[in-house]
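Throughout the sequence shown, residue numbering follows the numbering used here, covering 366 to 628 in sequence. For glycine and all other residues, C-beta sits at the position ideal for the given N, C-alpha and C. In what follows, a single structure is set out as structure tokens and then discussed.
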Amino acid sequence: MKRLYLLFILIASCFQLRAQEDYRPFVVEGKSWNYVIHITSCEDRGNQEIGHDFVYTEEPDEYGSCIIKSDTLIEGVTYKKVMFERENWKSLFACIREEDKKVYVRHYWAGDPRDLLLYDFSLKVGDLFMDEYDFYPKKQLRVLSIEEKEGKRIFSLSEEDSDVPIIKWIEGVGGAFGLGLNAFWDISTCSCGCVQEWPVYQSCTLGDEVLCCFDEDGNVVLDIEDVKTDVSGDGSIYDLQGRRLNAEPERGLYIKDGKKIAK
366 MKRLYLLFIL IASCFQLRAQ EDYRPFVVEG KSWNYVIHIT SCEDRGNQEI GHDFVYTEEP
426 DEYGSCIIKS DTLIEGVTYK KVMFERENWK SLFACIREED KKVYVRHYWA GDPRDLLLYD
486 FSLKVGDLFM DEYDFYPKKQ LRVLSIEEKE GKRIFSLSEE DSDVPIIKWI EGVGGAFGLG
546 LNAFWDISTC SCGCVQEWPV YQSCTLGDEV LCCFDEDGNV VLDIEDVKTD VSGDGSIYDL
606 QGRRLNAEPE RGLYIKDGKK IAK
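Written out as structure tokens, the structure is:
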């Protein structure tokens, strides 16, 4: 009996060691969370006789990315810089670090540079997680399940008193809100003579590898084969969420004839 017990302990230790070795780190230099930026311009073509006559025009989409860059030291602690980059413009979005499978971020766009616990990939089924984003109502989440697909662990979380999953995390990638760019984006509310921009999170990539993206319903898409497109060979173009495009984007990742193309 004692030998069986020792054998059980040995096997359990091996599985635990394997899980630690297989962990996909979140903070990796060069990792990129990619966005398409929808743009609408507004013009008031009215006059004193007819009053306001607002005309809204959809402009060509642009593309931007939150990219993990080089090290920086804050209060004696090493972080990685996260730069937001789009054509002809870049700025520091946040600083990020990872410790014991926990991901901490300082969002400098928020004007309150302090650590927030963004993700905790050490959680087990049944564990609770306090979503402490300043830009979302704080809520207690519970891990419903952890499954593995294509070597990636997927965490399904619900509100504490519910059994309905509302958020999915992918180990090394995060959830559908990425690093929170959407919440910090300053969407103009002016009524005329302005340009409004809406960033939409598309995918997480590392080099040419698509780690994950989300479809329009928020479902996890781990690789290009999971994106629902027409691959009839007619030259149709899709984004990584399976939406058909009218033309090839000037920058970013897209799908053409079932193949991934990066610019």
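*Between the CA atoms of residue 519 and residue 591 - distance to the nearest angstrom*: Mapped onto the sequence shown, residue 591 falls at position 226. Mapped onto the sequence shown, residue 519 falls at position 154. No answer about residue 591 holds up, because its pLDDT of 48 lies below 50 and its placement is not dependable.
_For residue 548, the three-state DSSP class (helix, strand or coil)_ = For the purposes of this step, residue 548 is identified with residue 183 of the sequence shown, where counting begins at 1. For residue 548, the three-state secondary structure derived from DSSP is helix.
_In DSSP terms, what residue 567 is bridged to_ = The residue given as residue 567 occupies position 202 in the sequence shown. Per DSSP, none; premise fails for residue 567.
*asked:* Let's see if you can read the secondary structure: which residues bound the beta strand (DSSP E) around residue 523?
replied: Along the sequence shown, one-based indexing puts residue 523 at 158. Here the beta strand (DSSP E) through residue 523 covers 517-524.
*Any idea if residue 456 is buried or exposed, counting beta-carbon neighbours within 10 angstroms, 16 or more meaning buried?*
Locating residue 456 in the sequence shown gives position 91, where the first residue counts as 1. Around the Cβ of residue 456, a 10 Å sphere holds fewer than 16 other Cβ atoms; the residue is exposed.
*For residue 429: DSSP bridge partner residues*: Your numbering for residue 429 matches position 64 in the sequence shown. Looking at the DSSP assignment, residue 429 forms a beta bridge with 400, 451.
*Measure the alpha-carbon distance for residue 492 versus residue 484 and round it to whole angstroms.*
The residue you call residue 492 lines up with position 127 of the sequence shown. The residue you call residue 484 lines up with position 119 of the sequence shown. Rounded to the nearest angstrom, the two C-alpha atoms are 13 Å apart.
*asked:* For the pair the segment 395-404 and the segment 559-579, tell me if three or more CB-CB distances fall below 8 Å.
replied: The segment 395-404 makes contact with the segment 559-579, as at least three CB pairs between them are under 8 Å.
*Beta-carbon proximity check, residue 459 vs residue 471, cutoff 8 Å*: Position 94 of the sequence shown, counting from 1, holds the residue named residue 459. Position 106 of the sequence shown, counting from 1, holds the residue named residue 471. Yes, the pair counts as a contact, with Cβ atoms nearer than the cut-off.
*Can the beta-carbon of residue 390 be found closer than 8 Å to that of residue 572?*
On the sequence shown, position 25 is the one that residue 390 refers to. On the sequence shown, position 207 is the one that residue 572 refers to. With respect to residue 572, residue 390 sits apart: the two C-beta atoms are not nearer than 8 Å.
*Answer yes or no: do residue 481 and residue 497 have a C-beta to C-beta separation smaller than 8 Å?*
Numbered from its first residue, the sequence shown carries residue 481 at position 116. Numbered from its first residue, the sequence shown carries residue 497 at position 132. Annotated as proximal: residue 481 and residue 497, with beta-carbon spacing under 8 Å.
*Does DSSP put residue 484 in a helix, in a strand, or in coil?*
Residue mapping note: residue 484 aligns to position 119 of the sequence shown, counting from 1. Taken through DSSP and simplified to helix, strand or coil, residue 484 comes out as strand.
_Please return the same chain residues whose Cβ sits closer than 7 Å to the Cβ of residue 410, not counting the five positions on each side in sequence._
Translated into the one-based positions of the sequence shown, residue 410 becomes position 45. Excluding sequence neighbours, residue 410 sits near 418, 420.
*Taking all protein chains shown into account, do 16 or more other C-beta atoms lie within 10 angstroms of the C-beta of residue 441, making it buried, or fewer, making it exposed?*
The residue you call residue 441 lines up with position 76 of the sequence shown. The residue in question, residue 441, is exposed, as its Cβ has fewer than 16 Cβ neighbours within 10 Å.
*Local conformation of residue 591 per DSSP, three classes*: Within the sequence shown, residue 591 is the residue found at index 226, counting from 1. Caution is warranted here: a pLDDT of 48 is assigned to residue 591, below 50, making its placement in the model unreliable, and no coordinate value can be reported.
_Counterpart residues of residue 575 in DSSP-defined beta bridges_ = Counted from its first residue, the sequence shown places residue 575 at position 210. DSSP, once it has assigned bridges, lists 570 as partnering residue 575.
*With which residues is residue 457 paired in a DSSP beta bridge?*
Start at 1 with the first residue of the sequence shown, and residue 457 comes out as number 92. Paired residue(s): 448.
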